[in-house]
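Asks: Residue numbers (the working numbering), protein chains in the order written: chain E, 19 to 396; chain L, 70 to 680.
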Amino acid sequence: MNWQSPQPLSSKPAQQEQGFSLRALHIDSLLLVLLLTLASVGLFILMSAGHENINLIYRQLTRLGIAFITMLVIAQISPNTLKRLSPFLFLGGVILLIGVLLFGDMGKGAQRWLNFELFRFQPSELMKLATPMMIAWYFSNRNLPPKLKHIFYATLFIAIPTLLIAKQPDLGTAILIATSGIAVLFLAGISWKLISLVVAAGAGLAPILWGSMKTYQQQRVLTFLDPESDPLGAGYHIIQSKIAIGSGGVLGKGWMNSSQARLEFLPESSTDFIFAVFAEEFGLVGCIGLLLLYFLLFARAMQISIQAQDNFCRLLAGSIAITFFVYLFVNVGMVSGILPVVGVPLPLISYGGTSMVSLLIGFGILMSIHTHRKLLSS
Amino acid sequence: MDTQFDLKNSYQESRLFRARALVSIIFIVILLIALLARMAYLQTTTHEKYAALSQGNYVRLSVITPVRGLIFDSNGQVLAENNPSYSLEVIPEQVPDLQATVKALSKIIPISAHEIKRFNKRIKQERRFNSIPIRQRLNEREVALFAVNRHRFRGVEIQARPVRHYPHSELVSHVVGYVAAINEKELKKIDTVNYRNSRFIGKTGVEKSFETELHGFVGYQQTENTARGRTLKTLSLAPPISGNALTTTIDINLQRVAYQALGDLTGAIAAIDTRTGAVRALVSKPGFDSNLFVQGIDHASYNSLQHSAKKPLFNRALRGQYPPGSTLKPFLALAGLEENVISSHGRINCPGYYQLPKQEHKYRDWKKGGHGNVNVHDAIVQSCDVFFYKLAHRLKIDRMHNFLARFGFGSKTGINLLGEKSGLLPSKEWKKRARNQVWFPGETLIAGIGQGFNLTTPLQLANATAIIANRGGIKRPFIVEKINDKAATAKQPTEPQVSLKKPKHWQEIISAMRDVIHGPRGTARRIKIGAQFDMAGKTGTAQVFGVKQNEEYDENKIVEHLKDHALFIAFAPVENPQLAVAVIVENGGHGGSVAAPIARAIFDQYIKVNE
């Protein structure tokens, strides 16, 4: 590839502006500003949702610090290195997932953790990135659109971690990993014919699957789909969460005035259901603002993927962008009662550790992709 | 790889990717719109619903039941009060091991298997922060036993709730009445808002008649609560308004004397202060323990009360309708004088029977052989039937009816106590209307001695007697005098009168009634012995059972429940009267021997007290 500029980016004298030094540090200023804004909004809501527990804020701040530093470190690694690492990360991740199933710690009723004496680690978080990286790597060495055979292998790469994680059981993460893989497949250009075939087959199989289920299994699915049929059990979360959102109205009750969270009616108010607290306090206006903030992040990520210079970078960046928004959609969808309750946190805002780190590693990769571009004929 | 091909392919791949990225962006925009639409729906269209639910979540409305008003007698003695009833209650949320706690509790305080079963059932039904009773009606020993062991039982408390108690229960059971659990029929009538949490409602007597006054108004408290039920603060408080205290006219000491004077007899007594209309004693015997009803009477006890031949639940003084018998004679004598069908001194001969012109039937006098030559004074003193047959025959039924009606016969006295009966004062018009029959002259004669269709309540008799005592002045009887410190009844109508053409007739009748007691031939002469004051009265014996023309009434041969009722009406002192009394003893025999001494005992108590 000798037609490309051999000059390293840092030595370009034309870029003597503010963005230059940031770019030299492999930082995307727009992404960074948006991420910091969301994280700060998150801390404010956490103050209210967590019953003004200052320790909660300190711990979240520590996590954010670690996650942002990790992001910036990842941004330094060139996409080519990441590409080379992809199959190893994936393989290692799958082995760890099997390890979790065999030796994992139980946490909240599910085996998700591996205990490495000093820290606990969720291999499923690693797979959120390793899976799209693996498929992007797999397709990057081949012509696009992929052939049927390659699509089959790619599907296998998606299915293995998805099923292993669903078995833990952690449905939320399994869905996100499947999404990240499918996003790569879609962006790689699998034919619309094939897509419609899969959708049609799924629609056709569903009633057959339903018919073959036992009554109690059907009941479980029904409660899953309509939680309000069980207001004190499975439906309690979602009913209280809708009360919180709905009672917020257009302008909201104001910061620190979420009665649903303060009086402990809303379960998981600082973790998975923190969006309901935000909606109660800041109303429809706040929700529109927050969702647009998320959309801006997505848009910037998508722009990065479109501007990327090789298939690996395009596919990976696109997948990270789409998965990020689906992440948000699943959380807000479940909190507002249009999706079943699966344990997916609100990205960057929910209180919690591991998902924050993997999420920001994703943005680190995006920064890396964007800042390691080789400039064409400018 | 060929660079040329690579470039071309790279360009195509890049174009394909851009297309797919565009589709992805459109897809994500659709998801975004879906979320925004959902938020807009929840926060605008259904906002009010969820705002209400949110408020319902944290604001708990608790109802504070008002304290029921007390009932006093005229001396300030309590007739109905609210006593704490202690119950042992458990808050499941605060108890570490429920079954172990119940087991340990039952070792110090007896708890039946039935109570434990009921407790376990309620635990499943109620929220875990609610206090659930496990044992009710603890006695003081049990309360003390628990208090000593209390430190061992977290989440277990003794709760005291006010429960109605009647300290004089049987003495005033009919007058004061009782409260009991609200039934379905009452539930439809009451204001369910005001009765939220109220467990009791007045069922009879003053408790029922003044239910609205006694109940008071419910209070509310709005508190902010956490999901687990902990109260954080009180948002608003509307304190309940306690029920009003009632002061009755009943003099418990007089009531007791009257009650005890009846002994084991079945009957009723009404005693009215002639000066005001205040009912000082209203007794119906047998009485019953009204406290039984408050906490829920058991089936067996209720059945035995309900089906007892003596009907203890029946308020005879207010609702018992008896033939007045000879006690009606002073009123009829007044009617005769007023209508000029007899004169003060005119005499008739009493041969012991009376016959209507051209009729065979003999209307007998109670005294075989008759009373001889009697005037109206003698006829009252000796209770001569023949005199009154003749009087009635001349007066005719409708004039009789119209005159007696002025003394309140045949209509309610208007006492402020529910359930009063009006008795029956016959007339031609009444017989036509009620029975669709013509009036027979013979029926007039029987009515002339207070028999036949005539029916009066003891209260009516006492009221009519008071009118004579007042020389025509009417004081409507009442039993509740004060509501808190305000008069319960509207002022008595000014100068209500039964006015006679010749007012001296009052004195003539009263003097005859005085001689019933103080005269040598009076039918109640035995009760004058030792009296410190003059009394005026009239005995009566009411037939329960008709004696055939050729038979004689023989007291000893007749079964108990068919024996005559003994009646007595009286007032005292004759000058400046204070009290009018009516006594009815069911199947008691003669008024003079059975009923009159009871009246004397009542006068002794009341008049002595008031001097």
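The beta-carbon is built from N, C-alpha and C at its ideal position, and this holds for glycine as well. As the structure is a prediction and not an experimental result, all values here were calculated from the model.
8 Å is my cut-off, CB to CB: does L/L214 come that close to chain E?
Replies: no
Asks: How should L/N418 be labelled, buried or exposed, when 16 other C-beta atoms within 10 angstroms of its C-beta is the threshold for buried?
Replies: Label assigned to L/N418: exposed.
Asks: Quick one, which residues of the region 316 to 336 of chain E are near chain L if we go by CB-CB under 7 Å, in chain order?
Replies: Within the region 316 to 336 of chain E, the qualifying residues are F316, M320, S323, I324, N329, R332, G336.
Asks: Is L/Q290 close to chain E? Criterion is C-beta to C-beta, closer than 8 Å.
Replies: no
Asks: With DSSP as the reference, identify every bridge partner of L/G26, one or two as the case may be.
Replies: Here chain L has residues from 70 to 680 only, and residue 26 of chain L is not among them.
Asks: Per DSSP, what kind of secondary structure is E/Q307 in: helix, strand or coil?
Replies: In the sequence on display, residue 307 of chain E carries Gly and not Gln. If DSSP states are grouped into helix, strand and coil, E/G307 belongs with the helices.
Asks: Taking 8 Å as the CB-CB limit, is E/S29 close to chain L?
Replies: Confidence at E/S29 is low in this model, with a pLDDT of 43, below 50, so the placement of that residue should be treated as unreliable; the coordinate-derived value is given next. No, no contact with chain L.
Asks: From the DSSP output, which residues share a beta bridge with L/G492?
Replies: Beta-bridge partners assigned by DSSP to L/G492: none are found.
Asks: Whose Cβ in chain E lies nearer than 7 Å to the Cβ of L/E280?
Replies: Residues of chain E passing the Cβ test: none, with the nearest at roughly 40 Å.
Asks: On a Cα-Cα basis, can you pick out the residue from L/N144, L/R325, L/P495, L/A538 that is closest to L/Q576?
Replies: The candidate whose alpha carbon is nearest that of L/Q576 is L/A538.
Asks: Give me the chain L residues within the contact set of E/S214, using Cβ-Cβ distance strictly less than 7 Å, ordered along the chain.
Replies: Result: empty, since nearest Cβ-Cβ is about 14 Å, beyond 7 Å.
Asks: Could you round the C-beta distance between L/T558 and L/L528 to whole angstroms and report it? I think they count as a contact, below 8 Å.
Replies: In fact, because the Cβ distance is near 15 Å, the residues do not count as touching under 8 Å.
Asks: Considering only the beta carbon of each residue, do L/G517 and L/Y458 sit closer than 8 Å?
Replies: yes
Asks: To the nearest angstrom, report how far apart L/K544 and L/E550 are at their CA atoms.
Replies: 14 Å
Asks: Using a Cβ-Cβ cut-off of less than 7 Å, give me the residues of the region 77 to 103 of chain L that come near chain E, in sequence order.
Replies: Cβ contacts with chain E: N78, E82, L85, F86, R87, R89, A90, S93, I94, I97, L100, L101.
Asks: Going by DSSP in three states, L/I667 sits in which element: helix, strand or coil?
Replies: helix
Asks: Can you give the Cα-Cα distance for E/P363 and L/A90, rounded to whole angstroms?
Replies: 26 Å
Asks: Is it true that the region 631 to 640 of chain L meets the region 652 to 664 of chain L, where meeting means three or more beta-carbon pairs spaced less than 8 Å apart?
Replies: yes
Asks: Could you please give the first and the last residue of the uninterrupted beta strand (DSSP E) stretch that includes L/F269?
Replies: 269 to 271
Asks: Taking the alpha-carbon of L/I201 as reference, which of L/G541, L/I596, L/L240, L/E184 has the nearest alpha-carbon?
Replies: L/E184
Asks: Would you say E/L136 reaches chain L, if we count a Cβ-Cβ gap shorter than 8 Å as a contact?
Replies: With a pLDDT of only 43 at E/L136, under the threshold of 50, the placement of this residue in the model should not be trusted; the figure read from the coordinates follows. So no, E/L136 is outside the interface.
Asks: Between L/M70 and chain E, is any beta-carbon pair separated by less than 8 Å?
Replies: Its pLDDT being 45, under 50, L/M70 is placed unreliably in this model, and the value from its coordinates should be taken loosely. Taking Cβ atoms only, chain E never reaches closer than 8 Å to L/M70, which makes this a no.
Asks: So is E/S265 in contact with chain L if we call contact Cβ pairs under 8 Å?
Replies: yes
Asks: Taking 8 Å as the CB-CB cut-off, is L/N126 touching chain E?
Replies: yes
Asks: Return the residues of the region 350 to 362 of chain E that lie within a Cβ-Cβ distance of less than 9 Å from chain L, sorted by chain order.
Replies: V350, G351, S354, G355, I356
Asks: Quick test of your reading: L/T317 and L/I140, contact by CB under 8 Å. State the CB separation rounded to the nearest angstrom.
Replies: 6 Å
Asks: Give, in chain order, every residue of the region 101 to 121 of chain L whose Cβ lies closer than 8 Å to some Cβ of chain E.
Replies: If the cut-off is 8 Å between Cβ atoms, the region 101 to 121 of chain L has L101, A103, L104, L105, R107, M108, A109, L111, Q112, T113, T115, H116, K118, Y119, A120 near chain E.
Asks: One question on the structure: do L/L256 and E/K260 come within less than 8 Å of each other, judged by their Cβ atoms?
Replies: Between L/L256 and E/K260, the C-beta spacing is not below 8 Å.
Asks: Quick one: using the 10 Å Cβ neighbour count with 16 as the cut-off for buried, is E/L136 buried or exposed?
Replies: Here the model assigns E/L136 a pLDDT of 43, short of 50, so the residue's position is not dependable and the matter cannot be decided.
Asks: Relative to the alpha-carbon of L/P381, which residue among L/T335, L/L397, L/P399, L/Y391 has its alpha-carbon at the smallest distance?
Replies: L/T335
Asks: Taking 7 Å as the limit between beta carbons, can you name the residues of its chain near E/V360, skipping five residues before and five after?
Replies: Scanning its chain for C-beta atoms nearer than 7 Å, with the 5 sequence neighbours on each side dropped, one finds around E/V360 the residues L189, G190, I193, V348, M352, in chain order.
Asks: Starting from the N-terminal side, write out each stretch of the beta strand (DSSP E) that is 3 residues or longer and does not extend beyond the region 368 to 430 of chain L.
Replies: 417 to 419
Asks: Here's a check: name, in chain order, each residue in its chain whose Cβ is nearer than 6 Å to the Cβ of L/S278, leaving out the five neighbours to either side.
Replies: Taken in chain order, the residues that qualify are L486, L487.
Asks: Measuring straight from C-alpha to C-alpha, what distance separates L/E280 and L/Y328?
Replies: 26 Å
Asks: Quick one: residues in its chain with C-beta nearer than 6 Å to the C-beta of L/S156, no 5 flanking neighbours on either side, listed in chain order?
Replies: P202, Q205, Q228
Asks: Measure the alpha-carbon distance for L/A474 versus L/S491 and round it to whole angstroms.
Replies: 11 Å
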